[in-house]
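Here the sequence shown stands for residues -7 to 135, numbered as in this note's numbering. Note that CB positions come from ideal geometry on N, CA and C, so glycine has one too. Since the structure is predicted, the reported quantities are computational estimates derived from the model, not experimental observations. Have a look at the structure below, then the notes.
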Amino acid sequence: MYCTLADLEKRLDRQKLIEISNDRDNPVLDDQGNPTVNEANVNMAIEEAGAEMDTYLGRRYPVPLSPVPDVVVKLAVDIAIYNLFSRGWMQQEDQTIYTRYRGAIKLLEKMASGKVQLPGREQGIVVRAPAKVFGDDFRKAYD
């Protein structure tokens, strides 16, 4: 996972996070009977964000990334928030959420193509040898 519930809480108002993480008709309640964050739905949104990111990042980097660069945490938060809103909470005034999601995907596409590098993960030169002309069977015939 490239981000945590705590990362999402830094970006979203707690009430909004409670709202979008819960089902409208069946919210998770705390000990006092008040709606609280549905951590199962948040974790699923975070895991889905990581899986989506790995499809892009895996074209150029070994995944999952470790350590996780700050820019990847930011992208994961944007995608996870979009995933939560996509559960039926997206409204016209939430267009910024979709815009941030599209921006995250565009940056991931650039990372996958090599147009943008992750900090501290410069790609080395790849050297490939040509295929063998004569295999081990050929050599054994002369031993």
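Query                                                                                                                                                                 : Result
Express the C-alpha separation of K98 and S105 in angstroms, rounding to a whole number.                                                                              : 11 Å
Say whether chain C places a C-beta atom closer than 7 Å to the C-beta of A37.                                                                                        : Going by chain labels, chain C is absent from the structure shown, which holds only one protein chain.
Out of N14, E40, Q84, V108, state which residue places its alpha-carbon closest to the alpha-carbon of V29.                                                           : N14
Could you compute how far the alpha carbon of P27 sits from the alpha carbon of L21?                                                                                  : 4 Å
Going by CA-CA distance only, name the one from Y(-6), V34, Q24 that's closest to R6.                                                                                 : V34
Per DSSP, what kind of secondary structure is L177 in: helix, strand or coil?                                                                                         : The first residue shown for the chain is -7 and the last is 135, placing residue 177 beyond what the model contains.
Report the residue ranges of all alpha helix (DSSP H) runs contained in full by the segment 5 to 41; include only those spanning at least 4 residues, in chain order. : 6 to 13
In three-state terms, what does DSSP make of K107?                                                                                                                    : coil
Use the C-beta contact count for I18: other C-beta atoms within 10 angstroms, 16 or more gives buried, fewer gives exposed.                                           : The question names Ile, but residue 18 is Asn in the sequence shown. Per the 10 Å Cβ criterion, exposed.
When DSSP labels each residue in this structure, what does T47 get in the three-state scheme?                                                                         : helix
Quick check on DSSP: helix, strand or coil for Y74?                                                                                                                   : helix
For a test of the three-state rule: what should DSSP assign to Q83, helix, strand or coil?                                                                            : coil
Tell whether a beta-carbon distance below 7 Å holds between D70 and R94.                                                                                              : no
Thinking C-beta only, is L67 closer than 7 Å to A96?                                                                                                                  : yes
Which residues in the same chain have their Cβ closer than 6 Å to the Cβ of R(-7), if we skip the five residues on either side of it in sequence?                     : Contrary to the premise, residue -7 reads as Met rather than Arg in this sequence. Same-chain partners within the cutoff: I38, G42.
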